[in-house]
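Structure first, commentary second.
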Amino acid sequence: MQKGESDCVAGGDASQKRRPAKQARYCRHFSYLCLKFTLIAYCTAFWMIGAFILGVGIYAEVERQKYKTLESAFLAPAIILILLGIIMFFVSFVGVLASLRDNLCLLQAFMYILGICLLIELTGGVVALIFRNQTIDFLNNNIRRGIENYYDDLDFKNIMDFVQKKFKCCGGEDFKDWSQNAYHSCAAPGPLACGVPYSCCVRNKTDIINTMCGYKTIDKERLSVQHVIYVRGCTNAVLIWFLDNYSIMAGVLLGILLPQFLGVLLSLLYIVPGTSQRSSSTRAAGRLLAAECRRVTERAAREHELAAEDNHCGLAEPRRQDPQQQRVLTRGRWRYPPA
Numbered sequence: 116m117q118k119g120e121s122d123c124v125a126g127g128d129a130s131q132k133r134r135p136a137k138q139a140r141y142c143r144h145f146s147y148l149c150l151k152f153t154l155i156a157y158c159t160a161f162w163m164i165g166a167f168i169l170g171v172g173i174y175a176e177v178e179r180q181k182y183k184t185l186e187s188a189f190l191a192p193a194i195i196l197i198l199l200g201i202i203m204f205f206v207s208f209v210g211v212l213a214s215l216r217d218n219l220c221l222l223q224a225f226m227y228i229l230g231i232c233l234l235i236e237l238t239g240g241v242v243a244l245i246f247r248n249q250t251i252d253f254l255n256n257n258i259r260r261g262i263e264n265y266y267d268d269l270d271f272k273n274i275m276d277f278v279q280k281k282f283k284c285c286g287g288e289d290f291k292d293w294s295q296n297a298y299h300s301c302a303a304p305g306p307l308a309c310g311v312p313y314s315c316c317v318r319n320k321t322d323i324i325n326t327m328c329g330y331k332t333i334d335k336e337r338l339s340v341q342h343v344i345y346v347r348g349c350t351n352a353v354l355i356w357f358l359d360n361y362s363i364m365a366g367v368l369l370g371i372l373l374p375q376f377l378g379v380l381l382s383l384l385y386i387v388p389g390t391s392q393r394s395s396s397t398r399a400a401g402r403l404l405a406a407e408c409r410r411v412t413e414r415a416a417r418e419h420e421l422a423a424e425d426n427h428c429g430l431a432e433p434r435r436q437d438p439q440q441q442r443v444l445t446r447g448r449w450r451y452p453p454a
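For what it's worth, our numbering labels the leading residue of the sequence shown as 116, then goes sequentially.
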């Protein structure tokens, strides 16, 4: 009776020891599934966003080709959308494929590409802040290039008009940048000579719209025309707006950088447990292979012993015996061959 009770107690202790291990295994599996589906949802969402941006960029570029005379890709928003869409589409596709198939190499490639993109963006931002004057000069030069083709590229024209109206500015560095345009140059013969576009004009809601309000203003001094047109450049106006609305800019930067950092983090969390699981499964497979080798070796030894015993008993003379009575060793069992 005491022995039975001790056996029951030992069995209960063993089951209690196995229960935490089983719960831990279930918890690991549940966390693995949650992480897997989170990564799949993340990659799928950005895959669809990338496809949408790529489609919009292609449509905009097709429409732009109908009126395109400007050959500068920097000034074409459609080209930027296409490049951004291609990068997002293919990188997210790699992430979706890797997370669905649990492919460690693709997951590492996805994580490294995201990390490199994030590092490039951070480095570019830091370099732009350090070399602020050079960055401003770079922007002003490209705006002047766009002003030269203001009436030829509708994309740049619409963007420039919107910026000048929204930020109450004119030109890149100042309003005199419009002299770079062939129609607004003071040497031009037309009515737009020595003037600025209507989007540079100071407007009041009560005044009658005058599309020629910028007539003959480029050759004037700033103080004499500041009540007629906006005299400050758009580059400085946009930078001042960014500094005044730093909270909005911080939100925009977080909206751009945080999803990429989240993707890198999810990939890293998914790769590390996967590596340990693969190593444990490899060790388990090695143990199974070793056990199978031992079983095969033991079986061969038993067969050899049985064959030696039969030879000792006279079973090793198959020519003198009836073929129907001859036994053959097949897969560890003695069988009689068919007639």
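All residues carry an ideal CB built from backbone N, CA and C; glycine is no exception.
Check, Outcome
"Beta-carbon proximity check, L229 vs V206, cutoff 8 Å", "yes"
"Any chain D beta carbon closer than 8 Å to L421", "Given the protein chain composition of this structure (a single chain), no chain D is represented."
"Buried or exposed (CB count within 10 angstroms, at least 16 for buried), D359", "exposed"
"Three-pair Cβ contact test at 8 Å for the region 248-260 versus the region 406-420", "no"
"heavy atom of the ligand MN below 7 Å from L369 C-beta", "Because no ligand of any kind appears in the structure shown, any question about the ligand MN cannot be addressed here."
"Extent of the continuous alpha helix (DSSP H) run through V242", "L219 to I245"
"C101 in three-state terms, based on DSSP", "A question about residue 101 goes unanswered here, because the residues of the chain that appear run from 116 up to 454."
"Backbone secondary structure at D359 - three-state DSSP", "helix"
"Local Cβ density within 10 Å of Q138, reported as buried at 16 or more and exposed below that", "exposed"
"Stretch-stretch touch, CB-based, cutoff 8 Å, three pairs: the region 191-211 with the region 161-175", "yes"
"Same chain, Cβ closer than 6 Å to Y265, neighbours up to 5 away in sequence not counted", "K272 and N296"
"Spatial neighbours of R259 in its chain, beta-carbon cut-off 7 Å, leaving aside the 5 residues before and after", "G287, D292 and Q295"
"DSSP three-state assignment for I344, whether helix, strand or coil", "strand"
"Per-residue burial, S339 [other beta carbons within 10 Å of its own, 16 or more giving buried]", "exposed"
"Minimum C-alpha distance to L169 - residue among R347, M203, K151 and T238", "M203"
"Rounded C-alpha distance that separates V343 from G261", "24 Å"
"As assigned by DSSP and simplified to three states, the class of G200", "helix"
"Close beta carbons around Q496, own chain, < 7 Å, minus the five adjacent residues each side", "Only positions 116 to 454 of the chain appear in this structure, which leaves residue 496 out of reach."
"Residue interval of the alpha helix (DSSP H) (run including L307)", "Here L307 belongs to no alpha helix (DSSP H), and DSSP marks it neither H nor E."
"Residues bridged to D289 [DSSP beta-bridge criterion]", "R347"
"Between the CA atoms of E236 and L154 - distance to the nearest angstrom", "22 Å"
"Reduced DSSP secondary structure (H/G/I, E/B, other) of I251", "helix"
"Cβ pair A156, R179 closer than 8 Å", "no"
"Rounded separation between T184 and L269 - CA only", "Any reading at T184 is ruled out, since the residue's pLDDT is 47, under 50, leaving its predicted position unreliable."
"Of the residues A243, Q223 and C349, the one placed nearest K283, counting alpha carbons only", "C349"
"Backbone CA spacing between C149 and F290 [nearest angstrom]", "57 Å"
"Identity of the residue in L354, I173, V211 and Y361 nearest I201 by Cα", "I173"
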